[in-house]
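Numbering (the working numbering), first residue to last: 194 to 665.
Note that the Cβ used here is the ideal one computed from N, Cα and C, for glycine as well.
Since this is a predicted model, take the numbers as computed values, not measurements.
Worksheet: the structure to be examined is printed underneath.
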Amino acid sequence: MTDLLDQLRVIVGAPNVLTEGDLTAYEQDWRKRDRGKALAVVRPGSTQQVAGVVQACAAAGTSLVPQGGNTGLAVGSTPDASGRQVVLSLQRMNAVREIDGANMTVTVEAGCVLQSLQEAAEKAGYLFPLSLAAEGSCTIGGNLATNAGGTQVVRYGNTRDLCLGLEVVTPQGEIWEGTNGLRKDNTGYDLRDLLIGSEGTLGIITAATMKLYPMPAAQLTAWAAVPSLDHAVTLLGLAHQYLGAGLTGFEVMGQFALSLVVKHFPAMRVPFAGDASAPYCVLLENSDSESEDHARTRFEALMEKAFEDGCITDAVVAENLTQAHQLWHIRESIPLAQAEEGLNIKHDISIAVSRIPAFVAATDALLQREIPGVRLVNFGHLGDGNLHYNVQAPADGDSKAFLNNEEARVNTLVYDAVEQFGGSFSAEHGIGALKVDKLEKHKSPVALGMMRAIKRGLDPQNILNPGRVLRA
Numbered sequence: 194m195t196d197l198l199d200q201l202r203v204i205v206g207a208p209n210v211l212t213e214g215d216l217t218a219y220e221q222d223w224r225k226r227d228r229g230k231a232l233a234v235v236r237p238g239s240t241q242q243v244a245g246v247v248q249a250c251a252a253a254g255t256s257l258v259p260q261g262g263n264t265g266l267a268v269g270s271t272p273d274a275s276g277r278q279v280v281l282s283l284q285r286m287n288a289v290r291e292i293d294g295a296n297m298t299v300t301v302e303a304g305c306v307l308q309s310l311q312e313a314a315e316k317a318g319y320l321f322p323l324s325l326a327a328e329g330s331c332t333i334g335g336n337l338a339t340n341a342g343g344t345q346v347v348r349y350g351n352t353r354d355l356c357l358g359l360e361v362v363t364p365q366g367e368i369w370e371g372t373n374g375l376r377k378d379n380t381g382y383d384l385r386d387l388l389i390g391s392e393g394t395l396g397i398i399t400a401a402t403m404k405l406y407p408m409p410a411a412q413l414t415a416w417a418a419v420p421s422l423d424h425a426v427t428l429l430g431l432a433h434q435y436l437g438a439g440l441t442g443f444e445v446m447g448q449f450a451l452s453l454v455v456k457h458f459p460a461m462r463v464p465f466a467g468d469a470s471a472p473y474c475v476l477l478e479n480s481d482s483e484s485e486d487h488a489r490t491r492f493e494a495l496m497e498k499a500f501e502d503g504c505i506t507d508a509v510v511a512e513n514l515t516q517a518h519q520l521w522h523i524r525e526s527i528p529l530a531q532a533e534e535g536l537n538i539k540h541d542i543s544i545a546v547s548r549i550p551a552f553v554a555a556t557d558a559l560l561q562r563e564i565p566g567v568r569l570v571n572f573g574h575l576g577d578g579n580l581h582y583n584v585q586a587p588a589d590g591d592s593k594a595f596l597n598n599e600e601a602r603v604n605t606l607v608y609d610a611v612e613q614f615g616g617s618f619s620a621e622h623g624i625g626a627l628k629v630d631k632l633e634k635h636k637s638p639v640a641l642g643m644m645r646a647i648k649r650g651l652d653p654q655n656i657l658n659p660g661r662v663l664r665a
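And the structure:
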């Protein structure tokens, strides 16, 4: 191992091979569910250096764990406990290489923080629409590796839908340059889509060409109280009808989830909190390409129709950008409030939008029957069918003991229900190491066989992120 470390120091420079000191930021996952031990943390500064590192590790038979901002929720970017894996951090590779206005694209290195990319696009007069709670620390390479979703999928799609090309280092240390930014390229298998969402198991994304959009001329945000999830789904249909492509956000939040925000962040003013007639609230966003007046006319028509049809019982519309940010901040504070309440069992699931009310009704009843007093923190991206259906210990219970004693049973109950309703147990967080066994249980054997064949074909040494997505 000493020889390998010496080679790595030559490739990336000695200061960028970390073996001593506090490496917690690289060795522990964001949720503190797992802590490993790395042989070294290596921080290349170029694609050529990444290729050199991979070649050296492949020759030594040493596996690598690619890592961006390490903000994932499925333990997919931290080393195991062996002390023999190399963490390959892409954080130094953070440049915005080019903004092509005519092609409406931006080419960016994998270590660029998502918020930095948003700001670079805005400075150039464009919108990069990917938006999620960790945008101040997650990186575009990690977003691509996990096919991140976020709050605007209803209009712009997942990260996969925003990507036109990749630059990738293969498990053999070769460089595939595919950042030409073409919207049409039917020359064989789509390697780009194969790499996106593969969680660093098939190749290391070092750069990408992403789509840009015009900045909206106006943006309106509303917070609506709804009498049921069925009414929320009906409201979503009306929003599509009245706003069309202008509908850029549609979030749903249960009253218990909002009560945690009220409890732990009392300075926040949460509309309709505690309203027994509104078990759910919806946060809508309308982005208009024409004008403020045009946006408001369409938005008011939607709200009027929703009131007439009984889809909403009350609503507030943000009067300015500050108020809109405050409303979104409430939504984004739910995970933080839940963490303040204590350890909890998280689920990132997707169900066909039309079946979500029935799923929630059935699964709520099932869990409350099996574990009396259990509290359900239900919120998420109703616009694209993705719920964060989280389970909190009973109010008088020990949250740590609840997690240790009940997590396996709760996961089985929830994931079996998801399967019965034709959904997915991982909508946007990925598989990582946390859900490998669940993939084995719920994925089609034919699909698993194809996935294993792809892994063997591209990475026969199994040196890229072994044990993630597929069992090692």
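Proximity to residue i [Cα-Cα], best of the options
i: R285; options: G206, R277, L320; result: G206
i: V361; options: G229, R562, L651; result: L651
i: A401; options: D423, G374, P407; result: G374
i: L657; options: E213, G269, Y219; result: G269
i: A646; options: H635, R664, K631, K634; result: R664
i: T515; options: H581, R562, Q412, N571; result: Q412
i: F595; options: G447, R602, Y608, A586; result: A586
i: F465; options: W416, E483, Q434; result: W416
i: A218; options: C331, L431, D354; result: C331
i: H433; options: P659, Q308, M496; result: M496
i: M194; options: V426, S256, N209, R228; result: S256
i: S282; options: Y435, T264, R290, I292; result: T264
i: P364; options: G615, L453, K648, V662; result: K648
i: T212; options: E315, L197, R224; result: L197
i: N479; options: F458, Y435, D502, L451; result: Y435
i: G342; options: N351, G335, C250; result: N351
i: A438; options: L451, S239, R491, Q448; result: R491
i: A303; options: A314, N287, G318, P208; result: N287
i: D273; options: R228, Q242, T380; result: R228
i: V611; options: L387, V553, A252; result: V553
Three-state secondary structure assigned by DSSP to residue i
i: K593; result: helix
i: W369; result: strand
i: K404; result: strand
i: Y319; result: strand
i: R228; result: strand
i: L266; result: coil
i: P669; result: Since the first residue shown for the chain is 194 and the last is 665, residue 669 is missing from the structure and cannot be characterised.
i: I189; result: For residue 189 there is no data in the structure shown, the boundaries of the chain being 194 and 665.
i: E534; result: helix
i: C305; result: coil
i: P510; result: The question names Pro, yet the displayed sequence has Val at residue 510. If DSSP states are grouped into helix, strand and coil, V510 belongs with the strands.
i: Q221; result: strand
i: T671; result: Residue 671 is absent from the structure shown; the chain starts at 194 and stops at 665.
Which residues DSSP lists as bridging residue i, in chain order
i: L569; result: V584
i: C331; result: Its beta-bridge partners do not exist; DSSP assigns none.
i: G447; result: Y473
i: Q359; result: Correcting the residue type first, residue 359 is Leu in the shown sequence and not Gln. Answer is G371, A401.
i: T298; result: D293, K404
i: D481; result: A411
Residue burial classification, residue i (beta-carbon count within 10 angstroms, cutoff 16)
i: H522; result: exposed
i: S526; result: buried
i: A494; result: exposed
i: M403; result: buried
i: Q613; result: exposed
Contact with chain C by residue i, beta-carbon distance below 9 Å
i: E512; result: Within the model displayed, chain C is absent; a lone protein chain is all it includes.
Practice task
Spell out a yes or no on whether the segment 431-447 and the segment 571-591 are touching, meaning 3 or more CB-CB pairs, one atom from each, closer than 8 Å.
Solution key: Contact holds: three or more Cβ-Cβ distances are below 8 Å.
Practice task
Would you check if the segment 289-300 and the segment 343-350 touch, i.e. whether three or more CB-CB distances between them fall below 8 Å?
Solution key: Remark: fewer than three beta-carbon pairs, one from each stretch, lie closer than 8 Å, so the segment 343-350 and the segment 289-300 are not flagged as touching.
Exercise for the section: Determine, using beta-carbon pairs with one atom in the segment 417-434 and one in the segment 468-485, whether at least three such pairs fall under 8 Å. Expected result: With the cut-off at 8 Å, the segment 417-434 and the segment 468-485 touch.
Handout entry: the segment 228-237 / the segment 363-373 touching (three or more Cβ pairs under 8 Å)
Key = Too few Cβ pairs lie closer than 8 Å, so no.
Handout entry: Inter-stretch contact (C-beta, 8 Å, three-pair minimum) for the segment 596-603 and the segment 529-545
Key = Taking a cut-off of 8 Å for Cβ pairs, the segment 596-603 and the segment 529-545 touch, as three or more such pairs fall below it.
Practice task
Check whether the segment 622-642 touches the segment 548-557, counting contact only when three or more Cβ pairs, one atom from each stretch, lie closer than 8 Å.
Solution key: No: the two stretches stay apart, fewer than three of their Cβ pairs being nearer than 8 Å.
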